[in-house]
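Chains as they are written, first to last, in my numbering: chain D, 2 to 194; chain C, 2 to 194.
Glycine included, C-beta positions come from ideal geometry on N, C-alpha and C.
All of these numbers come straight from a predicted model, not from anything done at the bench.
There are 2 protein chains.
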Amino acid sequence: MGRSAKYTAEQFVDAALELVADRGPSAVTISAVAGKLRAPVGSVYHRFTSRDVLLAKLWLRTVRSFQLGFLDALRRGDGLEAALYTLQWVRAHPKEGKLLLLYRREELVSGPWPQEIQSVAADLTAELDSAIKDFTQHLFAEVSKETLLRTVFALVDVPYAAVRRSLLAGESPPIELDDLVSTTYQSILGSLP
Amino acid sequence: MGRSAKYTAEQFVDAALELVADRGPSAVTISAVAGKLRAPVGSVYHRFTSRDVLLAKLWLRTVRSFQLGFLDALRRGDGLEAALYTLQWVRAHPKEGKLLLLYRREELVSGPWPQEIQSVAADLTAELDSAIKDFTQHLFAEVSKETLLRTVFALVDVPYAAVRRSLLAGESPPIELDDLVSTTYQSILGSLP
DNA sequence: GACAAATTAGAAGAGATGTTCTAGTATATC
DNA sequence: GATATACTAGAACATCTCTTCTAATTTGTC
Numbered sequence: 002m003g004r005s006a007k008y009t010a011e012q013f014v015d016a017a018l019e020l021v022a023d024r025g026p027s028a029v030t031i032s033a034v035a036g037k038l039r040a041p042v043g044s045v046y047h048r049f050t051s052r053d054v055l056l057a058k059l060w061l062r063t064v065r066s067f068q069l070g071f072l073d074a075l076r077r078g079d080g081l082e083a084a085l086y087t088l089q090w091v092r093a094h095p096k097e098g099k100l101l102l103l104y105r106r107e108e109l110v111s112g113p114w115p116q117e118i119q120s121v122a123a124d125l126t127a128e129l130d131s132a133i134k135d136f137t138q139h140l141f142a143e144v145s146k147e148t149l150l151r152t153v154f155a156l157v158d159v160p161y162a163a164v165r166r167s168l169l170a171g172e173s174p175p176i177e178l179d180d181l182v183s184t185t186y187q188s189i190l191g192s193l194p
Numbered sequence: 002m003g004r005s006a007k008y009t010a011e012q013f014v015d016a017a018l019e020l021v022a023d024r025g026p027s028a029v030t031i032s033a034v035a036g037k038l039r040a041p042v043g044s045v046y047h048r049f050t051s052r053d054v055l056l057a058k059l060w061l062r063t064v065r066s067f068q069l070g071f072l073d074a075l076r077r078g079d080g081l082e083a084a085l086y087t088l089q090w091v092r093a094h095p096k097e098g099k100l101l102l103l104y105r106r107e108e109l110v111s112g113p114w115p116q117e118i119q120s121v122a123a124d125l126t127a128e129l130d131s132a133i134k135d136f137t138q139h140l141f142a143e144v145s146k147e148t149l150l151r152t153v154f155a156l157v158d159v160p161y162a163a164v165r166r167s168l169l170a171g172e173s174p175p176i177e178l179d180d181l182v183s184t185t186y187q188s189i190l191g192s193l194p
C-alpha cells in the first residue's frame, strides 16, 4: 500500500555517521545528510521528526554496538578482555569509534530527547552500570566509591585514552597499545591487596 | 587620546571561558559573550576580528597556562610529577580544565586561524613535542615510534583519562586518582627493560 | 573649549540551517 | 485499471548567528 521507499531510515543514519566521522557534528546538517543520498530534505523529515532524533538514533545505535561485546567480556568476569575489547572494536569500526569516543551525547544532540529515545538510553546506561558494579563486587567483594573508581579507570578510562589519540589522527590504534593497556590493567586490578 | 575602554579584550575572553565551561562551545555566541558583560556586540568586534579569533585566543591562553608547569616538571626529568601535574592543574583551574581537556581546537574554532595566531600555536606545540622527545631520549636512550608511544601514554593520555570523567561530571578529580596515575606510571615507565 | 581618536551602542545586512508545506509520483490492493 | 497511500520533491518560511555599518559618546591633548 503506497509507494515503495527509495531511501530508508538506516541510510540516513549511515549518511549522518559518515558526516560526523569526517567533519564533526556541525557538518551533519539535514541538507548534507539528504545530499549524501541525493535525496530531498523532505524525505529525511518523513523518517525523523527532527535532526536531534536522527542524531540520537545514530548515537544509540553506536553505543549499543560497542556495549554488546564489552558487556559480554565483563559478564564473563574477564576484565582484561573487556579493556582490550575497546581497542579491537575501534579498529573494526573506525567511524563509529570516532563518533562514540570523540563526541559526547550533548555535543551531538542539543535539546532533550523524546520519551522513546530517553528510555532506550536509560536502559543502556543502566545495563553498563550494573555490569560494572557486578564486576567490581566480584573483584573486590565490595562496591564503594574507591573500588568503583578503580575498576572504571582500568576498564573504561584508560582504554578510552589509549584509543583517543589514534582516532584524532584518523589512524587505527597501533598494536603496541594493547600491551600498555594490559600492563596498566594488571597494575591497577591485577594483584589485589 | 580617545575614550577610555569600558570592556577589555581579557574580559571578553573570560566571558567566553565561562560560557564554554558551562554550556559547551555552541553557547559561545558573540551576543552571549557581550551579554555576560552587558556590552554591545560592536565592542566585541572592536577587540576581535571574528568569533574564531576570540576563541583561538582563549584556547592558546589556556594551553599556555597548562603547559607552563607541565614542561617545567618534564624538563627537570621528573616524569611522574609531570603526569600528576595534570591532575593538580585541573583541580586548580576547573573551567580551563574543562575547556582544554574536553574540547578540541577544531570543535571550538571552525575555520583556519590567522597567521599571527597560527605561529603562536605552532610554537607551543613544538615546545611540547621537543620536551617529550628529550624526556624519552633521557629515559630510553632512544626515540622511536614505540618509545614515544609509551611516554606519551603514561605522561599525557593516562592523566587525561583520569581527569576526564570528573570534568564531565563537573567535579574536582578525587585524590584517589593520584595513586592510580602513579601506579600506572610506574608500571609503564618505572622499571625499564 | 575645540578637536581627534578610541570606544560604545545597537540596528541592519547577509548567510545558513531546521522545519513546514504543498504538489506530484509510484505502488500495493481491490 | 481505479484508488488509496506511502513516499518523493523542493520551494518557502522562520530563526539564529556572525558580521558590518552608522551614529553617538567619552576622553586626552592642544
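Cβ of residue i within 7 Å of any chain D Cβ
i: S188 (chain C); result: yes
i: E147 (chain C); result: yes
i: F154 (chain C); result: yes
i: T184 (chain C); result: yes
Neighbour list for residue i in chain C, Cβ cutoff strictly below 9 Å
i: R165 (chain D); result: D158, Y161, A162
Sequence-distant residues of its chain with Cβ nearer than 8 Å to residue i (five each side left out)
i: E128 (chain D); result: Q68, L72
i: V153 (chain C); result: I133
i: Y161 (chain D); result: T87, L102
i: L59 (chain D); result: V14, A17, L18, V21, L100, L109
i: P175 (chain C); result: S167
i: K7 (chain D); result: A40, S44
Own chain residues within Cβ distance below 6 Å of residue i, not counting five before or after
i: A57 (chain C); result: V110, W114, I118
i: L81 (chain C); result: Y186
i: P140 (chain D); result: The sequence given here has Leu at residue 140 (chain D), not Pro. Excluding positions up to five away in sequence, the list is empty.
i: E147 (chain D); result: none
i: E177 (chain D); result: none
i: S173 (chain C); result: R92
i: A10 (chain D); result: R48
Neighbour list for residue i in chain C, Cβ cutoff strictly below 8 Å
i: G25 (chain D); result: E107, E108
Partners in chain C for residue i, counting only beta-carbon separations shorter than 7 Å
i: P174 (chain D); result: Neighbours of P174 (chain D) on chain C: none; closest Cβ ~10 Å, over 7 Å.
Residues near residue i by beta carbon distance below 7 Å, same chain, minus five either side
i: T63 (chain C); result: E97, L100, L101
i: G70 (chain D); result: Y86, W90
Reference residue i, options the options, closest by Cα
i: R151 (chain D); options: D:K134, D:I176, D:S167; result: D:K134
i: E107 (chain D); options: C:V21, C:A6, C:A35, C:A17; result: C:V21
i: K37 (chain C); options: C:R105, C:V54, C:D15; result: C:D15
i: S32 (chain C); options: C:R24, C:P41, C:G25; result: C:P41
i: S183 (chain C); options: C:D79, C:L149, C:A28, C:V29; result: C:D79
i: T126 (chain D); options: D:S27, D:D53, D:V29, D:R65; result: D:R65
Residue i at chain C interface by Cβ criterion, 7 Å
i: T30 (chain D); result: no
i: L181 (chain D); result: yes
i: T137 (chain D); result: no
Proximal residues of chain D, C-beta to C-beta of residue i below 8 Å
i: L150 (chain C); result: P175, E177, L178, L181
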